[in-house]
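By our numbering, the letter at position 75 of the sequence shown is numbered 75, and the numbering carries on one by one without gaps.
Virtual Cβ for every residue (Gly too), placed ideally from N, Cα, C.
Since this is a predicted model, take the numbers as computed values, not measurements.
What follows is a short report on a single structure.
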Amino acid sequence: MIPEALLARVPDRRRCIVSLCYDDALPCHHEMVAPLLETHGLRATFYTHLQSRFLPDVDRWRGVAAAGHELGNHTVFHPCQDQKWLDRTHNLRHYTPRRWCDEVQLANAVLQTVDGCTRRTFGNTCHDNRVGEGEGVVLIETLAPNYFIAARGEHTRRAVDFSSLNWFNLGNRVIDGASFAELSTELSALAQAGGWILYTMHGVGPRDHELHIAVDQHRRLIEWLAAHDDAVWVAPVRTVAETLQPSADTRALSGAATSSDRDGCARG
Ligand SMILES: [Zn+2]
Numbered sequence: 001m002i003p004e005a006l007l008a009r010v011p012d013r014r015r016c017i018v019s020l021c022y023d024d025a026l027p028c029h030h031e032m033v034a035p036l037l038e039t040h041g042l043r044a045t046f047y048t049h050l051q052s053r054f055l056p057d058v059d060r061w062r063g064v065a066a067a068g069h070e071l072g073n074h075t076v077f078h079p080c081q082d083q084k085w086l087d088r089t090h091n092l093r094h095y096t097p098r099r100w101c102d103e104v105q106l107a108n109a110v111l112q113t114v115d116g117c118t119r120r121t122f123g124n125t126c127h128d129n130r131v132g133e134g135e136g137v138v139l140i141e142t143l144a145p146n147y148f149i150a151a152r153g154e155h156t157r158r159a160v161d162f163s164s165l166n167w168f169n170l171g172n173r174v175i176d177g178a179s180f181a182e183l184s185t186e187l188s189a190l191a192q193a194g195g196w197i198l199y200t201m202h203g204v205g206p207r208d209h210e211l212h213i214a215v216d217q218h219r220r221l222i223e224w225l226a227a228h229d230d231a232v233w234v235a236p237v238r239t240v241a242e243t244l245q246p247s248a249d250t251r252a253l254s255g256a257a258t259s260s261d262r263d264g265c266a267r268g
């Protein structure tokens with residue numbers, strides 16, 4: 001349920017908000033997903049880490065940003081904790097807070113050269129919210145406010161909890177492998193009750209990532225969202241954060257150039 005004070009800021013006071021998040025800068029995102037969304041008048045957040053296909057495909061990504069999607073920060077090297085595919089160099093247990101901050105600040109600077117935006121959100125890699133280990137653990141949600149206007153945070157498998165709203169650990173639900181039937185049931189219930197859910201996916205179809213949602217199930221989800229535009233507001237995480245947080249427009253972020261545009265994006 002979205003509190004009345006925040007609901008008053010939502011376009012047309014729609015009581016249900018959905019943010020679609022696509023992770024890891026996969027080719028299917030700019031080849032197929034972004035154009036599909038645009039056909040239906042929808043925009044999403046693409047959490048792009050730099051050590052990926054992002055830089056080789058940067059001209060395509062510039063086009064995605066110009067179409068109104070958010071390029072979210074997903075670090076440079078995609079550090080996580082304890083994944084079996086992860087080199088120990090990039091295990092967040094071995095990071096210091098300074099190293100994490102340097103890395104996301106560099107990623108912000110590179111993303112700004114692509115989209116011209118000084119404000120964006122952070123997509124926690126592998127949903128991890130901790131840097132370091134033992135007594136040296138620091139929560140990413142305490143570092144992120146210096147660089148972002150919001151962070152997706154941990155995998156809570158549910159909608160944002162407005163009773164204990166934490167803009168730097170919003171919580172999200174992964175829908176890799178999900179069926180349209182389960183998603184439409186869930187979204188109908190959310191539209192009834194009111195709320196904001198962040199859906200996280202990797203691939204759309206099996207080509208680009210082991211973790212993926214099937215092409216047809218994804219297409220049906222997008223068509224459902226477009227058809228329920230009167231009840232459901234679909235928007236990038238940045239757009240929702242800027243709309244609901246009165247301070248997001250003006251807060252000074254470390255390393256960000258100033259901009260007078262509402263969304264902090266200089267567009268030529
Ligand atoms: Zn990722």
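Report yes if the C-beta of residue i is less than 7 Å from at least one heavy atom of ligand 1; otherwise report no.
i: T121; result: no
i: T45; result: no
i: H78; result: yes
i: D24; result: yes
i: T113; result: no
i: T125; result: yes
i: H74; result: yes
i: H29; result: no
i: H49; result: yes
Taking just the CA atoms, how far does residue j sit from residue i?
i: G194; j: Q217; result: 23 Å
i: N91; j: P79; result: 6 Å
i: D23; j: L143; result: 21 Å
i: C117; j: V104; result: 15 Å
i: L198; j: V240; result: 11 Å
i: C28; j: L111; result: 19 Å
i: D87; j: F122; result: 22 Å
i: A181; j: G203; result: 19 Å
i: E38; j: W233; result: 15 Å
i: W196; j: E186; result: 12 Å
i: S163; j: L190; result: 16 Å
i: S188; j: W167; result: 25 Å
i: S259; j: C101; result: Annotation note: pLDDT 47 at S259 (below 50); position unreliable, coordinate value reported separately. Looking at the two C-alpha atoms, the distance is approximately 22 Å.
i: V10; j: E242; result: 11 Å
i: L165; j: C21; result: 19 Å
i: N124; j: S19; result: 15 Å
Tell me which same chain residues have a C-beta within less than 7 Å of the C-beta of residue i, skipping the five on either side of it?
i: A155; result: Note on identity: in this sequence residue 155 is His, with Ala being the wrong assignment. The answer, listed in chain order, is H127, N172 and V174.
i: A226; result: H40, G41 and L42
i: Q83; result: C126
i: D161; result: G171
i: L7; result: R13 and R15
Measure the beta-carbon distance from residue i to residue j and round it to whole angstroms, keeping in mind my assumption that it falls under 8 Å.
i: F46; j: E70; result: 7 Å
i: Q245; j: I149; result: 7 Å
What would DSSP say about residue i, mapped onto helix, strand or coil?
i: D161; result: coil
i: M201; result: strand
i: L122; result: Checking the sequence shown, residue 122 turns out to be Phe, not Leu. Three-state DSSP puts F122 in a strand.
i: L20; result: strand
i: E210; result: coil
i: V232; result: strand
i: T45; result: strand
i: L170; result: coil
i: A292; result: This structure cannot speak to residue 292, because the chain is shown only from 1 to 268.
i: G264; result: coil
i: R14; result: coil
Near residue i, what residues of its chain come up, given a Cβ to Cβ distance below 6 Å and the 5 sequence neighbours on each side ignored?
i: R238; result: E70, R120 and T121
Tell me which same chain residues have a C-beta within less than 8 Å of the C-beta of residue i, skipping the five on either side of it?
i: R53; result: A25, L26 and P27
i: S247; result: none
Can residue i be considered in contact with ligand 2, in the sense that its beta carbon sits closer than 7 Å to one or more heavy atoms?
i: G205; result: You won't find ligand 2 in this model; what it holds is ligand 1.
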